[in-house]
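A.B. asks: Residue numbers (this note's numbering): 45 to 182. Think of the CB as a built atom: it goes at the ideal place given N, C-alpha and C, for glycine as much as any other residue.
1. Given residue 60, which residues of its chain have a CB within under 8 Å of its CB, disregarding the five upstream and five downstream residues?
2. Would you call the stretch 124 to 141 and the stretch 67 to 85 in contact, with 3 or more CB pairs under 8 Å?
3. Sorted by chain position, which residues of the same chain lie with C-beta nearer than 6 Å to residue 57's C-beta, five sequence neighbours on each side aside?
4. Report all residues from its chain with a CB closer than 8 Å to the CB of residue 92; omit the five preceding and five following residues, and keep chain order.
5. Are the beta-carbon atoms belonging to residue 4 and residue 107 less than 9 Å from one another?
6. Return the chain-ordered ranges of every beta strand (DSSP E) run that is complete within the stretch 96 to 141 and spans a minimum of 3 residues.
7. State the CB to CB distance for the pair residue 118 and residue 133, rounded to an integer number of angstroms; the pair is presumed to be in contact (CB under 8 Å).
8. I need the DSSP call for residue 89, collapsed to helix, strand or coil.
9. Return the first residue and the last residue of the beta strand (DSSP E) that residue 79 is part of.
10. Contact defined as beta carbons within less than 8 Å: I believe residue 48 pairs with residue 95. What is the distance between those atoms, to the nearest angstrom?
11. Beta-carbon within less than 8 Å of residue 50's beta-carbon, same chain only, minus the 5 sequence neighbours each way: which residues are those?
12. In the DSSP assignment, the alpha helix (DSSP H) including residue 59 goes from what residue to what residue?
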């Protein structure tokens, strides 16, 4: 991604910035143990921890699961800006294909890197980030 880790981190942790690049309502605070929602409440969960400009750990809600579904996002400085590593664990079988599609859509043709997004079916605002380089942990 052609942006420094600090900018990518802000894009993922600031409510106004998330809404800018996604074009959809978000609720987010960079505070551990707070609830969040993304993409007009299509994703909801709890923020677990933050490593400034480097790591975001969240629990995503899928109903009653024996173990929580944890998303860990790590930002790595890269010669072209930032690479983003995503590890998403304990995805329910019924939601796996949808989650796999969503991460792939964001990583390869996401809202910030195309003229339209099949996830939100809107014309999102122009964003400074061309795409995520994601190592998926499915």
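C.D. replies: Quick look at the numbers:
1. Position 16 of the chain shown, counted from the first residue, corresponds to residue 60. The answer is none, since no qualifying residue turns up.
2. no
3. Walking along the chain shown from the start, residue 57 turns up at place 13. Taken in chain order, the residues that qualify are 74.
4. Taking the chain shown and counting its residues from 1, the one referred to as residue 92 is at position 48. So the qualifying residues of the chain are 76, 77, 101, 102, 103 and 114.
5. Look at the range of the chain in this structure, 45 to 182, and you will see that residue 4 is not part of it.
6. 99 to 104, 113 to 122 and 125 to 132
7. Taking the chain shown and counting its residues from 1, the one referred to as residue 118 is at position 74. Taking the chain shown and counting its residues from 1, the one referred to as residue 133 is at position 89. With a Cβ gap of about 14 Å, residue 118 and residue 133 do not count as contacting.
8. The count along the chain shown starts at 1 and reaches residue 89 at position 45. Note: residue 89 maps to strand in three-state DSSP.
9. Here residue 79 is taken as the residue at index 35 of the chain shown, counted from 1. Here the beta strand (DSSP E) through residue 79 covers 79 to 82.
10. Reading the chain shown from its first residue, position 4 is the one you call residue 48. Reading the chain shown from its first residue, position 51 is the one you call residue 95. About 15 Å separates the two Cβ atoms, so there is no contact after all.
11. By one-based count along the chain shown, residue 50 stands at place 6. Excluding residues within five positions, the ones whose Cβ falls inside 8 Å are 97.
12. Counting from 1 along the chain shown, the entry for residue 59 is found at position 15. Segment 59 to 66, the alpha helix (DSSP H) holding residue 59.
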